[in-house]
Amino acid sequence: MAKSRHLDLTHGSIFSSLTRLALPITVTAFVQMAYNLTDMFWIGRAGADYVAAVGAAGNILWLADSLMIVARMGGQVKIGQSIGAKDISLARHFIRITLQAGMIFGAVLAIILMLFPSFFIGLYGFQSTDTVASGALYLRITASTLPAYFLGKIFTGIYSALGNTRIGLVATGIGLVTNIILDPILIFVCHMGVAGAAVATITAEIIVFVIFVLYAMRDEKLFRGLKIFRRFDSRNFRTILKVGLPAGMQSGMFALISLFIGRMVAVYGAFAVAAQKIGAQVEAISWMTADGFAVAMNAFTAQNYGANNPDRINRGYRIALFIMGGFGLTATVLLLFFPGQIMGAFLNEKDAVAVGASYLRIMGYSQLFMCVEIMTEGALAGLGITLYPGIAAMVLTWIRIPMATFLSSTALGSDGIWWSITISSILKGVILFCMFRLPHEKRLRYLR
142 MAKSRHLDLT HGSIFSSLTR LALPITVTAF VQMAYNLTDM FWIGRAGADY VAAVGAAGNI
202 LWLADSLMIV ARMGGQVKIG QSIGAKDISL ARHFIRITLQ AGMIFGAVLA IILMLFPSFF
262 IGLYGFQSTD TVASGALYLR ITASTLPAYF LGKIFTGIYS ALGNTRIGLV ATGIGLVTNI
322 ILDPILIFVC HMGVAGAAVA TITAEIIVFV IFVLYAMRDE KLFRGLKIFR RFDSRNFRTI
382 LKVGLPAGMQ SGMFALISLF IGRMVAVYGA FAVAAQKIGA QVEAISWMTA DGFAVAMNAF
442 TAQNYGANNP DRINRGYRIA LFIMGGFGLT ATVLLLFFPG QIMGAFLNEK DAVAVGASYL
502 RIMGYSQLFM CVEIMTEGAL AGLGITLYPG IAAMVLTWIR IPMATFLSST ALGSDGIWWS
562 ITISSILKGV ILFCMFRLPH EKRLRYLR
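Heads up, our numbering is the position in the sequence shown plus 141, with the first residue counted as 1.
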């Protein structure tokens, strides 16, 4: 029996559609965070040098993710728009091109990182040759399965465009359990050290990929008979590239700027570093929830754009704005009025708690705007509008460096770095909100 596993977002209750889509994505994001922390937890038991090595390799892979995001975002938008227009043939076409792009990008990066892992780890300037060697080993092993890892992420994007976010949660959850079981066995029982952590990670990633493939094979309408190794369609790939490239560049720039900011924070000592690391985990609750609604809005606006339903798009945005506004305001209140209590749950030293509380209090002012920014970026992307929001986000993220340099040189000290992040987040939220609130006809000029 032919069976299509996608949700029609062009009809029915907007609120239930958005929450039904966003909740599994948000939970998946938390699962993914736990997935990443599992390696660090067990590696930490093996030694601090291993933690530094795995952390450095992880940052390199974060940069590599930028190329995957190009294919995933571009494909996700075009597939969603095709589904909204009820053009199944075109949706299948974009699915094939997106998967092909993921394989090519993953294979190219895998070859580069496997051939020159020591070079990339060496960019961090580690003094210990053991740290460099461990990082290079971890990077070489994890890079070997980049095509499968990329395709797993791309499948998540494809199914999100189809209105199916539950399969991503199931697949990622199974991957997490696999990683949790294998990590201590391979690291300590088999005495593989950092190599054991890498093997556990790639095993989990392969399992996630296989789950997606098996699930897709049961969908006769969209995936069955898809000729992945058919000749590559460069013309339609350029369409995907046009939509996805700004998102990929934005992700890459964010990773690089975070590295620079991290080095600036390190100047102020261990307390400042701890404040940022722990504070970022606390903040993750806000941005992960917002990211869930961003993906939901991406699929929602893409399908309704394809179905030519501008009024439904605007109603959906207002509902998502109301939800994210309420969540952002709640986060703001908690961080502004209870920062010491929150940070005290993680740190024992009084001075460290004080620095961390200052971080959370300053970040609190931007929570509402950050939630609006992330959700709106997803809504605009669903329309295929990624260039101008991407440029705005990249510029305002980049100005964190000169702003942090200036503000931290004043009496603010490390607080100046936190203020640079908050101010840029507020500006991004305001600008992207204004972009979406343009009348429909003017807004679509960004597509030209």
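C-beta: ideal position from N, C-alpha, C; glycine also.
Per DSSP, residue 331 is not a residue of any alpha helix (DSSP H), being assigned neither H nor E.
By the Cβ-count criterion, residue 153 is exposed, with fewer than 16 other Cβ atoms from all chains shown falling within 10 Å of its own Cβ. DSSP places residue 424 in the helix class (H, G or I) of the three-state scheme. Residue environment for residue 490: exposed (fewer than 16 other C-beta atoms within 10 angstroms of its C-beta).
Taking each of 417, 220, 375, 167 in turn and checking the Cα distance to residue 559, the smallest one comes out for 417. Bounds of the alpha helix (DSSP H) holding residue 235 are 229 to 256. A check of alpha carbon separations from residue 156 across 318, 456, 496, 342 identifies 456 as the nearest. When DSSP states are grouped into helix, strand and coil, residue 169 belongs to the helix group. With contacts defined as CB atoms closer than 8 Å, residue 515 and residue 432 qualify as a contacting pair. Our two residues, residue 326 and residue 198, have alpha carbons roughly 21 Å apart in a direct line. Taken through DSSP and simplified to helix, strand or coil, residue 392 comes out as helix. In this structure the region 251 to 267 does not lie against the region 312 to 323, because fewer than three pairs of beta carbons, one per stretch, are closer than 8 Å. Sequence-distant Cβ neighbours of residue 334 in its own chain, meaning closer than 8 Å and more than five residues away, are 187, 191, 275, 328. Under the 8 Å Cβ criterion, the region 197 to 213 does not count as touching the region 459 to 476, having fewer than three qualifying pairs. Between the region 392 to 405 and the region 423 to 438 there are fewer than three C-beta pairs closer than 8 Å, too few to call the two in contact. Residue state for residue 286 is assigned as coil, using DSSP reduced to three classes. Non-local C-beta neighbours of residue 470 in its own chain, meaning closer than 6 Å and more than five positions away in sequence, comprise 509, ordered along the chain. With fewer than 16 other Cβ atoms inside 10 Å of its own Cβ, residue 467 counts as exposed. Taking a 10 Å sphere around the C-beta of residue 270, we find fewer than 16 other C-beta atoms and assign the residue as exposed. Within its own chain, the residues whose Cβ lies closer than 7 Å to the Cβ of residue 440, once the five positions on either side in sequence are excluded, are 150, 162, 221, 301, 302, 304, 523, listed in chain order. About 15 Å separates the beta carbon of residue 572 from that of residue 541, a gap too long to meet the 8 Å contact definition. For residue 279 and residue 385, the gap between their C-alpha atoms comes out near 29 Å. Per DSSP, residue 490 is not a residue of any alpha helix (DSSP H), being assigned neither H nor E. Residue 518 and residue 451 have their C-alpha atoms roughly 17 Å apart.
For the pair residue 234 and residue 534, the Cα-to-Cα distance works out to about 31 Å. Residue burial is scored here from C-beta neighbours: residue 530 has at least 16 other C-beta atoms within 10 angstroms and is therefore classed as buried. In this structure, residue 312 and residue 349 form a Cβ contact; the two beta carbons are roughly 5 Å apart against a cut-off of 8 Å.
Residue nearest to residue 525 within the set 532, 478, 446 is 446 (criterion: CA-CA distance).
The three-state reading of DSSP puts residue 294 in helix, counting H, G and I together. Shown here, residue 527 sits in coil according to DSSP, grouped into three states, outside any helix or strand. By the C-beta density criterion, residue 422 is exposed, having fewer than 16 other C-beta atoms within 10 angstroms. Counting only the Cα atoms, residue 204 lies some 21 Å from residue 565.
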